[in-house]
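> Residue numbers (our numbering), protein chains in the order written: chain A, 205 to 419; chain B, 205 to 419. By construction, the Cβ of each residue, glycine as well, lies at the ideal position given by its N, Cα and C atoms.
There are 2 protein chains.
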Amino acid sequence: MRVGELSKRSGVPVPTIKYYLREGLLPAGVLTSPNQAHYDDEHLRRLRLVRALVDVGGLSIAGVRDVLAAVDTHDESLHNKLGAVQEAISHPGSGELDPLAVEDVQAFFERQGETECVDVTESNVTHMLASALSAARSVGHDQFRDLLDSYLEGLKIIAQADLDYVARHSSSDDIIEAMVVGTLIGDTVIKAVRRLAHAQVSREVLGGGPADPAS
Amino acid sequence: MRVGELSKRSGVPVPTIKYYLREGLLPAGVLTSPNQAHYDDEHLRRLRLVRALVDVGGLSIAGVRDVLAAVDTHDESLHNKLGAVQEAISHPGSGELDPLAVEDVQAFFERQGETECVDVTESNVTHMLASALSAARSVGHDQFRDLLDSYLEGLKIIAQADLDYVARHSSSDDIIEAMVVGTLIGDTVIKAVRRLAHAQVSREVLGGGPADPAS
DNA sequence: CTGGATGGATAGCGGCACTCTCTACTATCT
DNA sequence: AGATAGTAGAGAGTGCCGCTATCCATCCAG
Numbered sequence: 205m206r207v208g209e210l211s212k213r214s215g216v217p218v219p220t221i222k223y224y225l226r227e228g229l230l231p232a233g234v235l236t237s238p239n240q241a242h243y244d245d246e247h248l249r250r251l252r253l254v255r256a257l258v259d260v261g262g263l264s265i266a267g268v269r270d271v272l273a274a275v276d277t278h279d280e281s282l283h284n285k286l287g288a289v290q291e292a293i294s295h296p297g298s299g300e301l302d303p304l305a306v307e308d309v310q311a312f313f314e315r316q317g318e319t320e321c322v323d324v325t326e327s328n329v330t331h332m333l334a335s336a337l338s339a340a341r342s343v344g345h346d347q348f349r350d351l352l353d354s355y356l357e358g359l360k361i362i363a364q365a366d367l368d369y370v371a372r373h374s375s376s377d378d379i380i381e382a383m384v385v386g387t388l389i390g391d392t393v394i395k396a397v398r399r400l401a402h403a404q405v406s407r408e409v410l411g412g413g414p415a416d417p418a419s
Numbered sequence: 205m206r207v208g209e210l211s212k213r214s215g216v217p218v219p220t221i222k223y224y225l226r227e228g229l230l231p232a233g234v235l236t237s238p239n240q241a242h243y244d245d246e247h248l249r250r251l252r253l254v255r256a257l258v259d260v261g262g263l264s265i266a267g268v269r270d271v272l273a274a275v276d277t278h279d280e281s282l283h284n285k286l287g288a289v290q291e292a293i294s295h296p297g298s299g300e301l302d303p304l305a306v307e308d309v310q311a312f313f314e315r316q317g318e319t320e321c322v323d324v325t326e327s328n329v330t331h332m333l334a335s336a337l338s339a340a341r342s343v344g345h346d347q348f349r350d351l352l353d354s355y356l357e358g359l360k361i362i363a364q365a366d367l368d369y370v371a372r373h374s375s376s377d378d379i380i381e382a383m384v385v386g387t388l389i390g391d392t393v394i395k396a397v398r399r400l401a402h403a404q405v406s407r408e409v410l411g412g413g414p415a416d417p418a419s
């Protein structure tokens with residue numbers, strides 16, 4: 205197919221597709237003439253992935269490029285690749301880290317049987333966690349860390365479901381892509397469902413109002 | 205205190221504080237002269253809240269204004285106020301909604317005993333959920349909806365912990381603020397912990413590598 | 001009295017994600 | 001064969017957002 209059809213089938217405007225091509229988010233099509241190229245279903249799939257990363261995952265163009273680079277690497281171990289992807293889809297957070305928050309994270313790791321000393325700033329994920337706890341402290345919620353264990357309890361259930369899903373619905377070829385999509389879309393789904401759960405609890409405790417939070 | 209000290213204590217540059225004042229994110233200080241104003245700890249607290257919403261919650265300035273407006277309303281019922289805040293901190297997502305995804309959401313509600321017909325597009329929260337499932341479908345993950353029940357199971361534990369936390373650590377005065385902070389910071393914490401759980405699972409299943417995902 | 005900070009207001013900047021425009025073609029329809 | 005529409009590629013332009021810089025008339029501490 206040519207770029208016009210790619211645009212029609214994906215809903216992405218032609219100039220935007222050209223922009224993504226320039227930015228290296230999409231591989232170039234096969235040139236059949238100096239000004240004619242063919243694109244296939246793989247391009248369409250990749251384009252939809254890009255849109256999902258941007259729209260649902262909230263990633264920047266540069267972030268998408270990082271993720272795709274990790275997805276496309278073939279010579280690393282799967283575990284390392286997953287780690288790289290996770291780093292790419294995790295924003296560390298910008299503020300200063302409260303040392304107490306760092307301690308909270310370390311204590312959390314130790315409670316989980318993590319004996320070796322963890323450098324919190326070494327990974328985007330742990331940095332994100334510490335920076336969130338830091339922010340909580342800065343607005344007066346010193347005890348937020350007490351929630352960590354409960355969160356982990358709930359998230360173990362969720363992570364297990366994620367693993368089963370990936371194992372069931374993806375071959376080893378696209379397991380990385382499934383993890384990316386599942387993680388980012390899952391984040392959004394989790395946000396939404398958590399809000400629904402809050403609304404339900406608030407309705408039970410405070411009464412009144414319909415189930416959905418639009419009033 | 206004057207603006208310089210407010211800046212020093214919060215780490216926010218003076219021009220930025222002025223900008224927030226202009227945008228109505230911070231209430232004006234008490235003028236003691238035509239060009240002298242005093243700020244108190246309440247301003248500091250509010251400023252830190254704004255930074256937390258921006259940095260950790262990823263809200264835009266306009267979004268912060270909406271949230272603060274909901275936080276500051278005193279004449280509505282607590283339940284409605286919570287709903288308003290939830291709407292303010294939930295981005296609906298931009299793409300087209302797949303009708304099948306809408307059906308998935310409705311089926312989910314029905315499984316949860318929600319008998320009345322829910323208009324998915326009426327609330328940012330349900331719209332967010334539908335749009336995430338939509339995005340999943342568009343990249344070929346039609347079965348993502350199967351995760352919803354497991355997610356809810358995990359999130360019930362988390363929502364319960366959230367409720368206990370709010371009940372324990374906040375008076376009725378700042379219960380709304382606690383919900384906002386807890387929801388947004390909680391979102392980030394949940395993201396991070398879920399990634400840690402994934403890393404742990406991946407390490408167990410795929411072997412190799414250290415616990416933290418930086419490698 | 002004086003040097004640095006302040007309130008208030010307006011203008012400017014840098015980054016990002018497109019979007020527009022242009023040229024030189026090519027494909028297709030009639 | 002001619003008219004019309006589409007295309008690759010590349011640079012410039014656009015609009016928004018979140019600050020940041022500059023200015024001026026004070027004001028206040030030392």
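Show which residues of chain A have a CB atom less than 8 Å away from the CB atom of Glu300(B).
Under the 8 Å cutoff, chain A gives Gly215.
> Got a sec: is the Cβ-Cβ distance from Gly233(B) to anything in chain A below 8 Å?
Chain A contact via Cβ: absent.
> Beta-carbon separation of Val409(B) and Gly386(B) under 8 Å?
no
> Evaluate Gln286(B) with the Cβ neighbour count: other Cβ atoms within 10 Å of its Cβ, from every protein chain shown; 16 or more gives buried, anything less gives exposed.
The displayed chain sequence assigns Leu, not Gln, to residue 286(B). The residue in question, Leu286(B), is buried, as its Cβ has 16 or more Cβ neighbours within 10 Å.
> Count the other CB atoms, across all protein chains shown, that sit within 10 Å of the CB of Val275(A); report buried if there are 16 or more and exposed otherwise.
By the 10 Å Cβ count, Val275(A) comes out buried.
> Would a C-beta distance cut-off of 8 Å place Val251(A) and Leu210(A) closer than the cut-off?
Looking at the sequence itself, residue 251(A) is Leu, so the reference to Val does not match. In this structure, Leu210(A) lies closer than 8 Å to Leu251(A) by Cβ.
> For Ser237(B), does the three-state DSSP call read helix, strand or coil?
strand
> Any C-beta of chain B within less than 8 Å: which residues of the region 227 to 254 of chain A qualify?
Arg249, Arg252 and Leu253
> For Gly267(B) and chain A, any beta-carbon pair shorter than 8 Å?
no
> Mind checking whether Gly299(B) and Ser338(B) have CB atoms under 8 Å apart?
yes
> Checking contacts by CB at 8 Å: is Gln347(B) closer than that to chain A?
Cβ-Cβ to chain A under 8 Å: yes for Gln347(B).
> What are the start and end residues of each continuous beta strand (DSSP E) run of 3 or more residues lying completely inside the region 242 to 309 of chain A, in chain order?
none
> Got a sec? Which residues, its chain only, sit under 7 Å from Leu257(B) by beta carbon, not counting five neighbours each side?
Leu263, Val268, Val271 and Leu388
> Does the distance from the CB of Asp391(B) to the CB of Gly297(A) come in under 8 Å?
no
> Keeping to the same chain, check which residues put their C-beta closer than 7 Å to that of Leu204(B); ignore five residues upstream and five downstream.
The structure shown does not extend to residue 204(B), since chain B spans only 205 to 419, so no value can be given for it.
> Quick check on Asp279(A) - is its C-beta less than 8 Å from some C-beta in chain B?
no
> What separation, rounded to the nearest whole angstrom, lies between the Cα atoms of Val343(B) and Glu246(A)?
11 Å
> Starting from Ala365(A), trace the alpha helix (DSSP H) in both directions and tell me its first and last residue.
Leu352 to His373
> To the nearest angstrom, how far is the alpha carbon of Pro303(A) from that of Leu352(A)?
17 Å
> The alpha helix (DSSP H) with His402(A) in it runs from where to where?
Ile379 to Leu410
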